[in-house]
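Below you'll find the structure, written out as structure tokens, and then a few comments.
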Amino acid sequence: EVEKLLKQENIKEFDFSQCKNCKIIARGGFSVVYSAIFHDESYALKCLNNGVGYDEKSFKLLIREIGLLHKVEHPNVIKFYGISRGGLREKTTTNTPSNYSNLYKQCWSSEPNQRPTLVTVLNELKKLQKTDIGSITHFINEHWIKLYGLNKGGNLNVNDFIPGTGIILGDDGYLNVEKISQSIPIIYFPKRNGMGTDHDIVHIHIPILTLHYQCNATTEFIQDIRDALNISDMIEKRKKLKEKLSYYGEYVVISATIGGVIVVKNWSKIDIVNKSRLKAYLQCGIDYAKGIRLRNFENTSIDDLNLFIDSKKIQTAGDLYEWIKDLHNAKCLEVVTYEKFKPTFKLLPDDLVQKISECSNIQHNDGSELISRIRSKYIKKNVLEWITSPELPLYLCDWIQDNSLQHGVILQRSKAGRAKKAAYKFLKEPKIISMNKISIILTQPKTRQEAYLLENGIILKEEDELELDKIPFTEHSSALNIPLEDFKNTKNQPSNAIYCQIIFHTKKISFDLLDIKCLQEFSNTVNSELQGLESSKNSVNSGLQSYESSKNAVNSELQSHTSSKNLCKLFGNDYGYLLPRTFTLGGSLSKKFVSNSNPTGITTQRLDLKYNDPDANTNQKIEQLLKAWNNEFKDIDTSFFLDNNGDIIHRNKIGDWLKTLEKLLDTKDLTKNEVKYEKQVKYSQLYGASRNDVVAIRLLQSG
């Protein structure tokens, strides 16, 4: 009956407010199912979730479900015919050519036989190419020409370009727009030849586009100059000519670079650490605008950097990132450099140029490069050169990205790995502690679980409240079929391995829990799967005993199994299980000894030394201790070790290894060495979840 009415009455939409006694009977990953009464008959209404930000995978699943509903043939299931939004259409974009807009609207027709065929659409588009496309280009060019004053001239005044009043060039010329591929910021330092405020202001320019404009002079400009030259009195002629050239401007801009300008006041009062921070934020902002880096530290205040931008109030690093992104999207741009000028009189016809040279001693050269806003002499450097002795903040973003610190840890068998996707971001800068400490450790873990953590540099503490054997969704083996560590069985299994390690701790990076936030893609993906589990649970527990209810319960169980399997993959491959918030950077040498018998009598021994302590005799003490352990315990050999790259380091070469690491202390190359994970974070604290059932996020531990 429903199918018959839909076809015969050509029903495109229906007001469901006419339905009565609506009750929720089931939930799915993408919809809610209601029972409803309409004209004394019972119906099932399926309402798709609205406003959910599906990722690519979830969207494909939704399309698949809709496709199955469209094909299904069953007496108890109403066939899916389509989705209606009540004839709602998008608004036509401003300045869209009328012919294109009309063609677009024809394709919207509710009657299929009134919609244009593909051949008709193609022919109409070809016609548009010859007509309206040109008008669109002209409109865009005209807007840019007027916005940046390329049709006007100007006058040079020392280090300033003052725009003229009259229009010299038409707006129908040739405009060439070139995108600057590297977009490396340029910094302009004032020369220290004065004590005024201008001599403690630094300008940072971010170039985005270069504009080149060529056009003939306007008839009005030519006629005004001709009228001035036709004056018979020489004194009056020169006076009038000078007046007109001043009105129009003595130069026109042939090429200009547009971008953004940052003004930094009281530059001399900003210390080297904050200057390094500024450089790091600029680079992060550019990488974010290009889509190659996430928005880390966006809530960090940068008021102490004394930044001023005309088009935006900058208070946080996030404000700076968004402004730079706007620049790359061609918003808030201004002229940062006038690359090339041309004297306006050279735009005139030859006869007028000759008359000007006869009555006036005008001597203009083709000008080149004038920096916008800078009134005094300056020293120019690109952003890669202006900090010669960088501090730690400069490398912080690189450390995070190069070490995948925003990616969770996957607990693979023997060796932990990193997840494919980033799960969270850091809102503020971490606390960085320089350690420069060497630890020499000999230990036998009590259990295989402890041995696993030691080998992978994962440090668990009681306050973490983390039990590895209770982490859910660990039955997945990753896309590469690498099995996960079996913490349920290894928790109490004794270990027969002995470890000897030399660890060089250089930097410790600690993030506050309140400054860690889940990424939206991660939240949406997990939410989508959790909805499937929750709806399945509600359906199974509904208590209905009818055949249809039983069938729904079975389907819900299948959906629950699919969602659970998807969650296993999400955490076991895409996002990981553990999310560290404290990291130690440095390097380590390690040796593992496995005895056929369970060795006894090995108690943990540890020696901590301060590196570069002149009274410590560090290298000698390390070598003596390793020899003593070698003599005392028959199961170990401390004559050589393996470094993080798998290279052999002999005992008498450990001092050279330490010196090599020392050279990397304040460079981003430190990331090529070891990272240890110390503090643990729970997903519930990151995710803001409150569920306590079988899919409770509070169980999704991280560390």
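Just so we're aligned, residue 18 is where the sequence shown starts under this note's numbering, counting upward by one. Don't be surprised by glycine CBs; every beta carbon is placed ideally from N, CA and C.
Exposed or buried, residue i, counting other C-beta atoms within 10 Å across all chains shown (16 or more means buried)?
{"i": "Y594", "result": "buried"}
{"i": "L387", "result": "buried"}
{"i": "C585", "result": "buried"}
{"i": "D591", "result": "buried"}
{"i": "P180", "result": "exposed"}
{"i": "R312", "result": "buried"}
{"i": "G663", "result": "exposed"}
{"i": "W125", "result": "exposed"}
{"i": "L135", "result": "exposed"}
{"i": "F490", "result": "buried"}
{"i": "G672", "result": "exposed"}
{"i": "D241", "result": "buried"}
{"i": "S605", "result": "buried"}
{"i": "C64", "result": "exposed"}
{"i": "I475", "result": "buried"}
{"i": "Q418", "result": "buried"}
{"i": "F325", "result": "exposed"}
{"i": "K644", "result": "exposed"}
{"i": "K448", "result": "exposed"}
From residue i to residue j, what does the alpha carbon distance come to, in whole angstroms?
{"i": "A433", "j": "I331", "result": "41 Å"}
{"i": "E128", "j": "T542", "result": "38 Å"}
{"i": "L192", "j": "I303", "result": "26 Å"}
{"i": "C39", "j": "F55", "result": "10 Å"}
{"i": "I42", "j": "K582", "result": "25 Å"}
{"i": "Q123", "j": "T110", "result": "16 Å"}
{"i": "K534", "j": "T599", "result": "15 Å"}
{"i": "E472", "j": "L587", "result": "25 Å"}
{"i": "I248", "j": "F238", "result": "16 Å"}
{"i": "L11", "j": "E141", "result": "Given that the chain is displayed from residue 18 to residue 720, the structure contains no residue 11 and the question cannot be resolved."}
{"i": "T507", "j": "K478", "result": "18 Å"}
{"i": "C301", "j": "E107", "result": "36 Å"}
{"i": "Q199", "j": "I223", "result": "10 Å"}
{"i": "Y205", "j": "I275", "result": "16 Å"}
{"i": "F521", "j": "I639", "result": "12 Å"}
{"i": "I157", "j": "V270", "result": "19 Å"}
{"i": "A306", "j": "S377", "result": "51 Å"}
{"i": "L428", "j": "I197", "result": "44 Å"}
{"i": "I488", "j": "I279", "result": "49 Å"}
{"i": "D660", "j": "W161", "result": "58 Å"}
{"i": "T601", "j": "I203", "result": "34 Å"}
{"i": "K296", "j": "L322", "result": "11 Å"}
{"i": "H345", "j": "G277", "result": "10 Å"}
{"i": "Q537", "j": "K437", "result": "16 Å"}
{"i": "Y268", "j": "V370", "result": "15 Å"}
{"i": "P366", "j": "Q231", "result": "16 Å"}
{"i": "S566", "j": "S48", "result": "For S566, the predicted structure reports a pLDDT of 40, less than 50, and the residue's modelled location is therefore unreliable. The matter cannot be settled from this model."}
{"i": "Y60", "j": "V50", "result": "10 Å"}
So who's on the other strand from residue i, going by DSSP bridges?
{"i": "I162", "result": "DSSP output for I162 lists no bridge partner at all."}
{"i": "H424", "result": "A439"}
{"i": "Y205", "result": "H220, K397"}
{"i": "D177", "result": "N174"}
{"i": "G604", "result": "F521"}
{"i": "E351", "result": "G276"}
{"i": "V281", "result": "V219, L324"}
{"i": "P511", "result": "T464"}
{"i": "T333", "result": "S318"}
{"i": "L186", "result": "A234"}
{"i": "I665", "result": "L659"}
{"i": "D625", "result": "S456"}
{"i": "C535", "result": "Y441"}
Since I believe residue j is in contact with residue i (beta carbons under 8 Å), could you give me their beta-carbon distance rounded to a whole number of angstroms?
{"i": "I391", "j": "H220", "result": "6 Å"}
{"i": "Q466", "j": "L483", "result": "With a Cβ gap of about 12 Å, Q466 and L483 do not count as contacting."}
{"i": "Y298", "j": "T361", "result": "Going by Cβ atoms, the distance from Y298 to T361 rounds to 42 Å, so no, they are not a contact pair."}
{"i": "I665", "j": "I515", "result": "About 19 Å; that fails the 8 Å criterion."}
{"i": "N172", "j": "S263", "result": "7 Å"}
{"i": "N513", "j": "S607", "result": "Contact flag wrong, Cβ pair sits at about 17 Å."}
{"i": "L642", "j": "I457", "result": "6 Å"}
{"i": "F539", "j": "Y441", "result": "7 Å"}
{"i": "K163", "j": "D188", "result": "7 Å"}
{"i": "V400", "j": "I225", "result": "Not confirmed; about 15 Å, so no contact."}
{"i": "L444", "j": "N316", "result": "4 Å"}
Does residue i get closer than 9 Å to chain B when you measure Cβ to Cβ?
{"i": "K508", "result": "Protein chains in the displayed structure number just one, and chain B is not present."}
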